[in-house]
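S.K.:
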Amino acid sequence: MRRVAVLAAVGILAAAGCSRSGDDRRPERYGQVAASAAPAPAATPTTGAPSPSAGVSSSTSPAPSGSSSSAPPSGDVPAGEAFFDAPTPLPGANPGDVVRQRPVEANSEAIQGAGKELLVMYRTTGPDGQPVAATGTVALPNGPAPEGGWPVIAWDHGTTGIGAKCAPSRGFGPYRQGAGEMLAEFVKRGYAVVQPDYVGMGVNGVKHPYLNGKSAAYATFDLVRAARSIDPGVGKTWYVAGHSQGGHAALWSATYAAEYASELDLKGAVAVAPGNAFQLMPGLVAKRDATAEPYIGIFLLLVNGASAVDPSVKPEDILAPAGLTAAEAAWTGCAGEQEAALPPIADILKADADLGPITAVLEASAPEKAKPAVPVFMLQGGQDPLAALNLPMAQSLCAGGAQIEYRPYPELAHDPTEVSVAGLDIVAWVEARQAGTAPENVCTFAS
Numbered sequence: 001m002r003r004v005a006v007l008a009a010v011g012i013l014a015a016a017g018c019s020r021s022g023d024d025r026r027p028e029r030y031g032q033v034a035a036s037a038a039p040a041p042a043a044t045p046t047t048g049a050p051s052p053s054a055g056v057s058s059s060t061s062p063a064p065s066g067s068s069s070s071a072p073p074s075g076d077v078p079a080g081e082a083f084f085d086a087p088t089p090l091p092g093a094n095p096g097d098v099v100r101q102r103p104v105e106a107n108s109e110a111i112q113g114a115g116k117e118l119l120v121m122y123r124t125t126g127p128d129g130q131p132v133a134a135t136g137t138v139a140l141p142n143g144p145a146p147e148g149g150w151p152v153i154a155w156d157h158g159t160t161g162i163g164a165k166c167a168p169s170r171g172f173g174p175y176r177q178g179a180g181e182m183l184a185e186f187v188k189r190g191y192a193v194v195q196p197d198y199v200g201m202g203v204n205g206v207k208h209p210y211l212n213g214k215s216a217a218y219a220t221f222d223l224v225r226a227a228r229s230i231d232p233g234v235g236k237t238w239y240v241a242g243h244s245q246g247g248h249a250a251l252w253s254a255t256y257a258a259e260y261a262s263e264l265d266l267k268g269a270v271a272v273a274p275g276n277a278f279q280l281m282p283g284l285v286a287k288r289d290a291t292a293e294p295y296i297g298i299f300l301l302l303v304n305g306a307s308a309v310d311p312s313v314k315p316e317d318i319l320a321p322a323g324l325t326a327a328e329a330a331w332t333g334c335a336g337e338q339e340a341a342l343p344p345i346a347d348i349l350k351a352d353a354d355l356g357p358i359t360a361v362l363e364a365s366a367p368e369k370a371k372p373a374v375p376v377f378m379l380q381g382g383q384d385p386l387a388a389l390n391l392p393m394a395q396s397l398c399a400g401g402a403q404i405e406y407r408p409y410p411e412l413a414h415d416p417t418e419v420s421v422a423g424l425d426i427v428a429w430v431e432a433r434q435a436g437t438a439p440e441n442v443c444t445f446a447s
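Everything in the sequence shown is counted per full-length UniProt numbering, starting at 1 for the first residue and increasing by one.
Right, here's the structure in full:
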């Protein structure tokens with residue numbers, strides 16, 4: 001049992017550390033894409049009314065049925081960080097309705113070669129089932145949309161923290177995650193790219209339900225809906241992909257798509273090293289020994305995230321004073337900023353902590369409970385501790401009827417290169433599904 005717990009802990013550490021800051025390592029095979037791509041245009045805040053893409057005709061796909069209007073509301077859009085303060089009451093009526101938008105300012109995380117890229121606030125559904133504001137970005141290709149509209153890639157990000165300022169749209173973007181060149185390639189090939197921040201990241205004053213599968217999936221669906229209301233050239237055919245926390249979100253998007261966003265046509269999901277076994281973390285920390293010491297920061301994120309999902313999870317009933325102070329700090333700290341202030345394992349839990357409620361919340365979003373209804377491409381680095389967890393998880397999903405193509409990359413660890421090295425393989429897999437080719441090697445695992 002000790003070996004299983006240690007392995008689970010290592011896996012969840014990887015799940016939470018995938019989007020660490022540091023130098024990007026970009027493979028040379030993307031060099032031609034970057035060299036030929038035009039830089040993203042500089043822009044300043046505009047009104048909420050969209051400006052249509054050049055060449056988009058009236059014959060392109062209409063706005064989705066999930067939206068109450070064909071265009072976002074007009075009006076002044078707050079400049080700077082004030083954009084992320086949601087208005088009260090929240091405008092709109094349906095999930096995916098746009099609250100406000102403005103062009104993305106030129107920066108190193110803007111997708112190279114996009115015809116335009118927008119920062120968007122939109123309505124989605126929180127873990128309590130109530131409407132809530134979320135943010136993300138929408139990047140559109142150059143030129144006119146094809147008949148039926150541009151297909152969509154939704155990129156679900158890995159862990160960057162749980163604070164509002166840790167969102168990809170606020171600086172922790174795709175190039176830091178190893179996904180920038182891949183997403184630029186998709187734009188170059190005529191895909192719209194949407195990147196949700198998730199609920200509670202980006203928007204100020206909302207708590208992030210970390211690793212809650214349903215909430216992450218809903219935020220993803222609703223940004224696709226928002227993109228379709230912003231520009232009628234965005235089609236209803238789409239794919240979801242993500243790494244670590246985002247790979248977990250992609251599996252749950254593939255599970256809930258038909259239930260929550262049936263007017264959209266999800267064709268496939270890509271899960272790169274999806275986060276796994278986090279539901280075992282409370283039991284590990286309860287041992288209060290050196291085995292759990294490296295994973296204190298991850299556990300505090302899970303406590304906070306579970307409390308945002310279920311009010312019966314009360315950090316003050318679980319954590320000792322030092323642990324509670326560190327958990328509060330985690331709401332504002334981003335990846336790589338928190339660890340120096342963490343207390344020792346002996347000071348984390350209250351002596352009488354009831355771990356039942358938090359364990360139940362985490363178990364509900366365990367990835368092996370997902371039921372993806374579309375083909376899944378699961379990629380996994382062999383030097384990533386999650387490999388020992390995700391191979392049997394993929395086999396279990398297959399046994400439950402899922403279509404999983406599992407591809408190992410023996411040399412890769414759990415960091416941004418796990419995405420960047422495999423990026424063109426992801427593009428090729430999506431392009432094959434878009435061409436109508438059936439997946440190969442489904443539920444075939446090398447011995």
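Don't be surprised by glycine CBs; every beta carbon is placed ideally from N, CA and C.
1) For the beta strand (DSSP E) containing P103, name the first residue and the last one.
2) Of all the options A154, H208, P274 and E185, which has the alpha carbon lying nearest to the alpha carbon of V235?
3) In terms of residues, what are the limits of the beta strand (DSSP E) holding G161?
4) Which of the three DSSP states, helix, strand or coil, is assigned to F299?
5) Considering only the alpha carbon of each residue, which of L90, A79, E117 and V152 lies closest to V430?
6) Leaving aside the five residues before and after W238 along the sequence, list all residues of the same chain whose C-beta is less than 8 Å from its C-beta, in chain order.
7) Cutting at 6 Å between CB atoms, please list the residues of its own chain near L419, excluding the five before and the five after it.
8) Per DSSP, what are the beta-bridge partners of K116 in this structure?
9) Name the DSSP bridge partner or partners of V361?
10) Can you name, in chain order, every residue of its own chain whose Cβ lies under 6 Å from the Cβ of A402, other than the five neighbours on each side?
11) Please give me, in chain order, every unbroken run of the beta strand (DSSP E) with length at least 3 that falls completely inside the stretch 227-262.
12) Quick one, are the C-beta atoms of R170 and G202 less than 8 Å apart?
13) Quick one: what does DSSP say C443 is sitting in, helix, strand or coil?
14) What residue range is occupied by the uninterrupted alpha helix (DSSP H) comprising E316?
15) How long is the line joining the alpha carbons of A435 and A428, rounded to whole angstroms?
16) On a CA-only basis, which of G161, P127, F172 and Q130 is nearest T137? Give me that one, please.
17) According to the neighbour-count rule (16 or more other Cβ atoms, all chains shown, within 10 Å of its Cβ), is P410 buried or exposed?
18) Closer than 8 Å is the cut-off here; do at least three beta carbon pairs connect the stretch 243-254 with the stretch 121-138?
19) Taking the continuous alpha helix (DSSP H) assigned at D265, which residues delimit it?
20) Spatial neighbours of K207 within its chain, please: CB distance less than 6 Å, with the 5 preceding and 5 following residues excluded, ordered by chain position.
21) Count the CB pairs spanning the stretch 290-308 and the stretch 349-363 that are closer than 8 Å, and state whether there are at least three.
22) What whole-angstrom Cβ distance do T124 and Y218 have, given they're in contact under 8 Å?
23) Between P91, G233, G163 and P131, which lies nearest to A335 when the distance is taken from Cα to Cα?
24) Could you have a look at P91 and say whether DSSP puts it in helix, strand or coil?
25) Among the candidates E105, L211, P91 and P232, whose CA atom is the shortest distance from the CA of D310?
M.R.: Straight from the coordinates:
1) Looking up residue 103 in the sequence shown gives position 103. Element bounds for P103: V98 to P103.
2) By one-based count along the sequence shown, residue 235 stands at place 235. In the sequence as presented, Val is not what sits at residue 235; that position holds Gly. Considering only A154, H208, P274 and E185, the residue with the shortest C-alpha distance to G235 is A154.
3) Here residue 161 refers to the residue found at position 161 when the sequence shown is read from its first residue. Membership of G161 in any beta strand (DSSP E) is not indicated, and neither H nor E is assigned to it by DSSP.
4) Sequence index remark: in the sequence shown, residue 299 carries index 299 (1-based). Annotated three-state conformation of F299 is helix, per DSSP.
5) What you label residue 430 is simply residue 430 of the sequence shown in a count that begins at 1. The candidate whose alpha carbon is nearest that of V430 is V152.
6) Residue mapping note: residue 238 aligns to position 238 of the sequence shown, counting from 1. Within the same chain, W238 has close Cβ partners P151, V152, I153, A154, V224, L264, D265, L266 and K267.
7) Here residue 419 refers to the residue found at position 419 when the sequence shown is read from its first residue. A small correction: the amino acid at residue 419 is Val; Leu does not occupy that position in the sequence shown. The beta carbon of V419 is closer than 6 Å to those of G178, A179, H243 and V272 in its chain, skipping five residues each way along the sequence.
8) The residue given as residue 116 occupies position 116 in the sequence shown. K116 is bridged to L140.
9) Locating residue 361 in the sequence shown gives position 361, counting from the first residue. Checking the DSSP bridge columns, you'll see V361 has no partner listed.
10) As a first step, residue 402 must be located in the sequence shown, where it is residue number 402. Correct list, in chain order: P372.
11) Taking 3 residues as the shortest admissible run, the stretch 227-262 contains the following complete beta strand (DSSP E) segments, listed from N- to C-terminal end: 234-243.
12) Taking the first residue of the sequence shown as 1, we reach residue 170 at position 170. Taking the first residue of the sequence shown as 1, we reach residue 202 at position 202. For the pair R170 and G202, the CB atoms are nearer than the 8 Å cut-off.
13) Looking up residue 443 in the sequence shown gives position 443. Of the three classes helix, strand and coil, the one that applies to C443 here is coil, per DSSP.
14) Walking along the sequence shown from the start, residue 316 turns up at place 316. Counted as a single uninterrupted DSSP element, the alpha helix (DSSP H) harbouring E316 occupies residues P315 to I318.
15) The residue labelled residue 435 in the question sits at position 435 within the sequence shown. The residue labelled residue 428 in the question sits at position 428 within the sequence shown. Taking C-alpha positions only, A435 is separated from A428 by approximately 10 Å.
16) Within the sequence shown, numbered from 1, the residue matching residue 137 stands at position 137. Measuring from the Cα of T137, the nearest candidate turns out to be F172.
17) Against the sequence shown, residue 410 aligns to sequence position 410. With fewer than 16 other CB atoms across the displayed protein chains lying within 10 angstroms of its CB, P410 is exposed.
18) Flag = no, the stretch 243-254 and the stretch 121-138 do not touch.
19) Translated into the one-based positions of the sequence shown, residue 265 becomes position 265. DSSP places D265 outside any alpha helix (DSSP H); the residue lies instead in the beta strand (DSSP E), whose first and last residues are D265 to V272.
20) Here residue 207 refers to the residue found at position 207 of the sequence shown. Result list for K207: G200 and A308, in chain order.
21) Flag = yes, the stretch 290-308 and the stretch 349-363 touch.
22) By 1-based counting over the sequence shown, the position of residue 124 is 124. By 1-based counting over the sequence shown, the position of residue 218 is 218. The Cβ separation is near 5 Å, so the contact holds.
23) Taking the first residue of the sequence shown as 1, we reach residue 335 at position 335. A check of alpha carbon separations from A335 across P91, G233, G163 and P131 identifies G163 as the nearest.
24) For this step, residue 91 is matched to residue 91 along the sequence shown. Coil, per DSSP.
25) In the sequence shown, residue 310 corresponds to position 310, counting from 1. Out of E105, L211, P91 and P232, the CA that lies nearest to the CA of D310 is found in L211.
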